[in-house]
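Down below is the structure, laid out as structure tokens.
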Amino acid sequence: MTDVIETRDLTKLYGTGKGCRNISLSVGPGQVFGFLGPNGAGKSTFIKMLVGLLQPTAGKAQILGLPLGHLEARRKIGYLPELFRYQDWLTGEEVLRFHAKLGKFPSNRIDKRITEVLYEVGLEGRGKERVKHYSKGMQQRLGLATALLLDPSLIFLDEPSSALDPVGRFEVRNLLIKLREQGKTVFLNTHLLEDVEAVCDHVALLFHGQIRQIGTVHEIIRPTPVWELKVGGFLPELLASIAALTLIPVSLKSVNSDGSAVLHASAAESEQIGWLNHLLFEQGLTLYEVRPLQTRLEEWFLALAAEESGTPA
Amino acid sequence: MMTMMLITWKEILRKRVLLITVVLTLLFLGLYVFAVSQITKSSAACPNCNSLMQSYIQSLGFLSAGLYFANFVVAFLMIFSSVGTLSTEIENGILLAILPRPIRRWEIYFGKWLGFTLWGLLYAGLLFLALLGIVNHYLHFPIDYQSLGKALAIFLLIPLVLSALSVFGSSFLPTLGNGIALALLFCLGLLGGLLEQLMSLNAHLGTQMSKVGVITSMLIPTDSLYRRVTYELMGGSDLPLGGNVSQMLGPFASTVIPSNSFIWYSLIYVVVVLMMGAIYFTRRDI
Chain W
1 MTDVIETRDL
11 TKLYGTGKGC
21 RNISLSVGPG
31 QVFGFLGPNG
41 AGKSTFIKML
51 VGLLQPTAGK
61 AQILGLPLGH
71 LEARRKIGYL
81 PELFRYQDWL
91 TGEEVLRFHA
101 KLGKFPSNRI
111 DKRITEVLYE
121 VGLEGRGKER
131 VKHYSKGMQQ
141 RLGLATALLL
151 DPSLIFLDEP
161 SSALDPVGRF
171 EVRNLLIKLR
181 EQGKTVFLNT
191 HLLEDVEAVC
201 DHVALLFHGQ
211 IRQIGTVHEI
221 IRPTPVWELK
231 VGGFLPELLA
241 SIAALTLIPV
251 SLKSVNSDGS
261 AVLHASAAES
271 EQIGWLNHLL
281 FEQGLTLYEV
291 RPLQTRLEEW
301 FLALAAEESG
311 TPA
Chain S
1 MMTMMLITWK
11 EILRKRVLLI
21 TVVLTLLFLG
31 LYVFAVSQIT
41 KSSAACPNCN
51 SLMQSYIQSL
61 GFLSAGLYFA
71 NFVVAFLMIF
81 SSVGTLSTEI
91 ENGILLAILP
101 RPIRRWEIYF
111 GKWLGFTLWG
121 LLYAGLLFLA
131 LLGIVNHYLH
141 FPIDYQSLGK
151 ALAIFLLIPL
161 VLSALSVFGS
171 SFLPTLGNGI
181 ALALLFCLGL
191 LGGLLEQLMS
201 LNAHLGTQMS
211 KVGVITSMLI
221 PTDSLYRRVT
231 YELMGGSDLP
241 LGGNVSQMLG
251 PFASTVIPSN
261 SFIWYSLIYV
271 VVVLMMGAIY
281 FTRRDI
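Protein chains in written order, with my numbering: chain W, 1 to 313; chain S, 1 to 286.
Next comes the structure, spelled out in structure tokens:
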């Protein structure tokens, strides 16, 4: 089966030199793809090219096997923009009906579908109110409803949880999980790393308009498990001999005047850590605590961002 | 395209453009009726003062004056109702959700233009007929269907030109910039036309100033179209009105009559402006 999104060196440069350049990625059917990056990295620019709002400067891309902007492809996508508004003189239902007509949704099914999507985003019973009376969070939910309206197979969500309170964010996360279970392909721009950790299969980090890292969430979060060891009676000269004996990278994170220290060791296998514990014991050190460190996405994100800007994380 | 046109009508209704327009138009027509009825009273007091021809010229003058101000009303209505139709929706993000839908951008462009234009044509047509009815009722302006039909058709070209320009400007200018540009362009057309009319009465200045009039008419044909409307109301010069009719009608007269070719130019102008706007809007980044 062909990829749902496939881009090759897709580039959009503005007059200021900003934008995004040489983005090559593939998103398979049913994947939830997280697109991360700090503000101004070019994430929205990339999405806007994919949905046909911006003309690429260079490169190629296909959506659902069709060129960018193709009407047939646009019929099968849903898009929640980051900074959007709906006509505030319409009601929520009227906005949805208008988008259903633009999307040529079968007219005999429009009312039923509107009821369904309003329920899905938690706006049931509020559809007859004018959009100008909606809170920012309700407008965001209406945006989600509009993105889901045509029952698209590919959904682009640009910061779907912005403007939502914690309950709203939780509901959006559940909605994303539900979409994944339904086999929808989701391309998610977000700053909320816990959303990415919770629902994404694949992730890419964009920095200064270029992809710095791309892969599965599992690969990126845990390249090699890191273990933290708190020991007593530590002497700095022991470090080199420990590393030589164990053949695994061991680094000193902190040491106190009373001889207590914190060590980090990268080990692919748990047995290696067992062996390290044994050696530390043999060297006369006291072992207070050993625990695996879960490299969370936030740490990865911050480390990469710090690396890019040349400052320590 | 139909969906966009219908949503534009709904916008006109919901934003109370229609309501405000109807109320203020009734005020405008009320004032007009008042002025015309006063003239009727003064004429009745002296039945032998005016000849039939003078009465005709008087009624023609009133109709021309009414249409001159109606031209303003239609122009500002068209400009201000449609000036931000694309630019505002780009600025506030409404189009971000609409453009990725399976609809071509030119359909959105023409749908919006059609929505405003049909509304403008309906309004301009009704206003023209209302003024004509008032002058006919009070001043017995003769109804010649052929010349009135031509005058109405040309009068309707004014909102057509303005809506095309407004939606075109809205495709690449910010709302405020587009509004200012259109208002100034419209006034430039008026000034150019007025200078051309005034200077044509002076043989020494006529040639140079008529060039100014031609240039402004090419830039925005609305004033020249109005001049052609008054010409058609005079029965297309078939009536023996005499040489001093222009002086009697004052600034509402047409001493320099735009040709049939100019009418064609205006139609082509609308098509070209619309095409340019649609092409630009289709290619631009949002």
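We treat Cβ as the ideally placed atom computed from N, Cα and C, and that holds for glycine. Here the structure is a predicted model, which means the values were calculated and not measured.
Judged by DSSP secondary structure, W/Q213 falls within the beta strand (DSSP E) whose first and last residues are Q210 to T216. Between the region 157–176 of chain W and the region 184–198 of chain W there are three or more inter-stretch CB-CB distances shorter than 8 Å, so the stretches are counted as touching. With a cutoff of 8 Å on beta-carbon distance, S/M2 and S/K112 are scored as not near each other. The three-state secondary structure of W/W275, taken from DSSP, is helix. DSSP lists W/F35 and W/D158 as the bridge partner or partners of W/N189. Separation of the CB atoms of W/I248 and W/A267 is rounded to 5 Å, and the pair is thereby assigned contact status at 8 Å. Residue contact with chain S for W/L188: absent (no Cβ-Cβ distance below 8 Å to any residue of chain S). Sequence-distant Cβ neighbours of W/T146 in its own chain, meaning closer than 7 Å and more than five residues away, are V95, L96 and H99.
Residues of chain W with a Cβ closer than 7 Å to the Cβ of S/G93 are, in chain order, P81, L83, F84 and R85.
Annotation for W/H99: the continuous alpha helix (DSSP H) segment containing it runs G92 to L102. About 6 Å separates the CB atoms of S/V83 and S/L182; that is less than 8 Å, so the two are in contact. The criterion of a C-beta distance shorter than 8 Å is not satisfied by S/R283 and W/Q87.
Among the residues of the region 43–58 of chain W, those with a Cβ less than 7 Å away from any Cβ of chain S are V51, G52, L53, L54 and Q55, in the order of the chain. Contact between W/V226 and W/L144 does not hold, since the beta-carbon distance rounds to 37 Å and is not under 8 Å.
Counting C-beta pairs with one atom in each stretch, the region 46–54 of chain W and the region 95–102 of chain S have three or more that are closer than 8 Å, which means they touch. By the 16-neighbour rule on beta-carbons within 10 angstroms, S/L27 is exposed. By the criterion of a C-beta distance shorter than 6 Å, W/L142 is surrounded in its chain by G92, once the five residues flanking it on both sides are discounted. Taking 8 Å as the upper bound for CB-CB distance, S/A278 and S/W106 are in contact here, some 4 Å apart. Residues are counted here when their Cβ sits less than 7 Å from a Cβ of chain S; for the region 88–112 of chain W these are W89, F98, H99, K101, L102, G103 and K104, given in chain order. The C-beta of W/L279 comes no closer than 8 Å to any C-beta of chain S.
Going by beta carbons, S/T40 and S/L139 fall inside the 8 Å limit. Taking 8 Å as the cut-off, the Cβ atoms of S/V161 and S/V270 count as close.
Approximately 6 Å separates the beta-carbon atoms of W/G137 and W/D165; this is inside 8 Å, confirming the contact. Nearest in C-alpha terms to S/A151, of all of S/L67, S/M53 and S/E91, is S/L67.
Taking the Cα positions, W/G168 is about 10 Å away from W/Q140. Assigned with DSSP and collapsed to three states, W/A240 falls in helix. Assignment of W/W227 by DSSP, reduced to helix, strand and coil, places it in the strand class. With contacts defined by Cβ atoms closer than 8 Å, S/I158 and S/N260 do not form a contacting pair. By the neighbour-count criterion, in which a residue is buried when 16 or more other Cβ atoms sit within 10 angstroms of its Cβ, S/E232 is buried. In summary, no residue of the region 197–222 of chain W has a CB separated from any CB of chain S by less than 8 Å. For W/R74, the residues of chain S that pass the 7 Å Cβ criterion are P100, R101 and P102, in the order they occur in the chain. By the neighbour-count definition (other C-beta atoms within 10 Å, threshold 16), W/D195 is a buried residue. Less than 8 Å separates the beta-carbon of W/L25 from that of W/I214. In this model, S/T85 and S/V167 are separated by some 7 Å (Cα to Cα). The residue from W/K178, W/E219 and W/N256 with its alpha-carbon nearest to that of W/G233 is W/N256. Closest option to S/I263, judged by alpha-carbon separation, among S/L129, S/Q58, S/D285 and S/P221: S/P221.
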